[in-house]
Amino acid sequence: QGVLFLCATPIGNLEDITLRVLRVLREVDLIAAEDTRHTRKLLAHYDIHKPVVSYREQNRRQMGRHLLNLLMAGHRIALVSDAGMPGISDPGEELVSLSISQGIPVVPLPGPNAALAALVASGLPTSSFCFEGFLPAAAGARRRKLQELKGERRTIIFYEAPHRLLESLSDMADIFGERQIAVARELTKKYEEIWRGTLPQAVEHFRLHSPRGEFTLVVAGAREGEAEGTRDEPWRGLSLQEHVA
Ligand code: SAM
1 QGVLFLCATP IGNLEDITLR VLRVLREVDL IAAEDTRHTR KLLAHYDIHK PVVSYREQNR
61 RQMGRHLLNL LMAGHRIALV SDAGMPGISD PGEELVSLSI SQGIPVVPLP GPNAALAALV
121 ASGLPTSSFC FEGFLPAAAG ARRRKLQELK GERRTIIFYE APHRLLESLS DMADIFGERQ
181 IAVARELTKK YEEIWRGTLP QAVEHFRLHS PRGEFTLVVA GAREGEAEGT RDEPWRGLSL
241 QEHVA
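For the sequence shown, the tail end lands on 245 under the working numbering, and the numbers increase by one without skipping.
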């Protein structure tokens, strides 16, 4: 019986890999990696010698079918991405659902993930949160998405590329207003930094400090009634009697 193992790998610091992931990478028949060169460096660091094939956005249909055939023929395959959990803003989701549809066991091996690492260090509520991945690159679509999220009460996590950070922060400041944000940069790496403040302050800060590296943004959810516009309409939320009085 084939098995698909979803192996979390470091998001920067090479020490962040579990003993179980290392063992499984040594035991499987094949490793499917987003970028084979990147993963070979990780494997070389741990002296792991296994065949590696590329499974990435551009070849996921064709390679997905190939991997599924191997799994159905009894191969044990480890899926890894360039960083963190495969399937989280990385290829994986489709291979997982294909495998499930064919009755192949799918085994997650938890480990590093930028979204959760940023969330727990953000200082914002962790009991209820949502993950939005990358915002659309086009300004109009990005602003529409943020408008949709304006009433979201849960803490919201985004990934963002450095060259789009400032635009996204400006749009968030415009649409969400004075909310708290934690900007987690280069987590687990040498220049790790977690900047905390309000959205308008974040815009000022990153205007002066040009964004470099990898960023995860954790934004406070809306306060009660914020989306319905209670600030402009203070009568909202009052009982009819209070309103009339
Ligand atoms: N699968 C990965 C995970 O589990 O975290 C995420 C992959 S996604 C393609 C890459 C994005 O994650 C980056 O653009 C950045 O937004 C975020 N990210 C990855 N590593 C990070 C780090 N060390 N510090 C902060 N954010 C990071």
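Every residue gets a Cβ at the ideal spot worked out from N, C-alpha and C, and that includes glycine.
Of the residues the options, the one placed nearest residue i, counting alpha carbons only
{"i": "Gly-213", "options": "Glu-132, Cys-7, Ala-114 and Ile-181", "result": "Ala-114"}
{"i": "Leu-149", "options": "Gly-12, Leu-165 and Ala-173", "result": "Ala-173"}
{"i": "Asp-82", "options": "Ser-127, Gly-221, Ala-121 and Lys-41", "result": "Lys-41"}
{"i": "Val-28", "options": "Arg-76, Leu-116 and Gly-2", "result": "Arg-76"}
{"i": "Thr-18", "options": "Pro-112, Glu-226 and Ala-32", "result": "Pro-112"}
{"i": "Glu-204", "options": "Val-219, Arg-144, Glu-167 and Asp-90", "result": "Glu-167"}
{"i": "Glu-160", "options": "Arg-179, Val-183 and Gly-140", "result": "Val-183"}
{"i": "Ala-118", "options": "Gly-133, Leu-109, Ile-104 and Val-107", "result": "Gly-133"}
{"i": "Ser-122", "options": "Ile-157, Ala-141, Arg-144 and Leu-22", "result": "Ile-157"}
{"i": "His-38", "options": "Gln-58, Leu-22 and Pro-10", "result": "Pro-10"}
{"i": "Ala-73", "options": "Gln-58, Gln-102, Ile-48 and Arg-61", "result": "Gln-102"}
{"i": "Leu-25", "options": "Asn-13, Gln-58 and His-49", "result": "His-49"}
{"i": "Lys-189", "options": "Glu-178, Ala-44 and Glu-15", "result": "Glu-15"}
{"i": "Ala-33", "options": "Gly-12, Asp-90 and Ser-97", "result": "Asp-90"}
Exposure label - residue i; buried when at least 16 CB within 10 Å
{"i": "Ala-137", "result": "exposed"}
{"i": "Phe-176", "result": "buried"}
{"i": "Leu-208", "result": "exposed"}
{"i": "Thr-126", "result": "exposed"}
{"i": "Tyr-46", "result": "exposed"}
{"i": "Pro-86", "result": "buried"}
Residue i CB to nearest heavy atom of ligand 2 below 7 Å
{"i": "Pro-200", "result": "The model depicted lacks ligand 2 and carries ligand 1 instead."}
Cβ-based neighbour list, residue i, same chain, cut-off 6 Å, excluding 5 preceding and 5 following
{"i": "Arg-154", "result": "Ser-128, Phe-129, Cys-130 and Gly-221"}
{"i": "Pro-200", "result": "Ala-173"}
Cβ shell of residue i (< 7 Å), same chain only, five flanking positions each side left out
{"i": "Glu-193", "result": "Arg-185 and Glu-186"}
{"i": "Arg-164", "result": "Ala-137"}
{"i": "Pro-162", "result": "Pro-211, Arg-212, Gly-213 and Phe-215"}
Residue-chain proximity (residue i, chain B), Cβ-Cβ < 8 Å
{"i": "His-209", "result": "In the structure shown, chain B cannot be found, because there is only a single protein chain."}
Proximal residues to residue i (C-beta, below 8 Å), its chain only, five neighbours per side dropped
{"i": "Pro-51", "result": "Asp-29, Leu-30 and Ile-31"}
{"i": "Arg-274", "result": "One cannot answer for residue 274 here, as it falls past the ends of the chain, which runs 1 to 245."}
{"i": "Pro-110", "result": "Ala-8, Thr-18 and Met-85"}
Beta-carbon separation (whole angstroms), residue i vs residue j, contact threshold 8 Å
{"i": "Leu-6", "j": "Gly-92", "result": "6 Å"}
{"i": "Leu-95", "j": "Leu-70", "result": "The pair is not a contact, with the Cβ atoms about 11 Å apart (cut-off 8 Å)."}
{"i": "Glu-226", "j": "Gly-151", "result": "7 Å"}
{"i": "Leu-217", "j": "Ser-99", "result": "In fact, because the Cβ distance is near 32 Å, the residues do not count as touching under 8 Å."}
{"i": "Arg-20", "j": "Asp-35", "result": "Not really, about 23 Å apart at Cβ, beyond 8 Å."}
- What runs of the alpha helix (DSSP H), each 4 residues or longer, lie entirely inside the stretch 99–169? 114–122 and 139–149
- Unbroken stretches of the alpha helix (DSSP H), 4 residues or longer, contained in the stretch 35–90: 36–45 and 60–72
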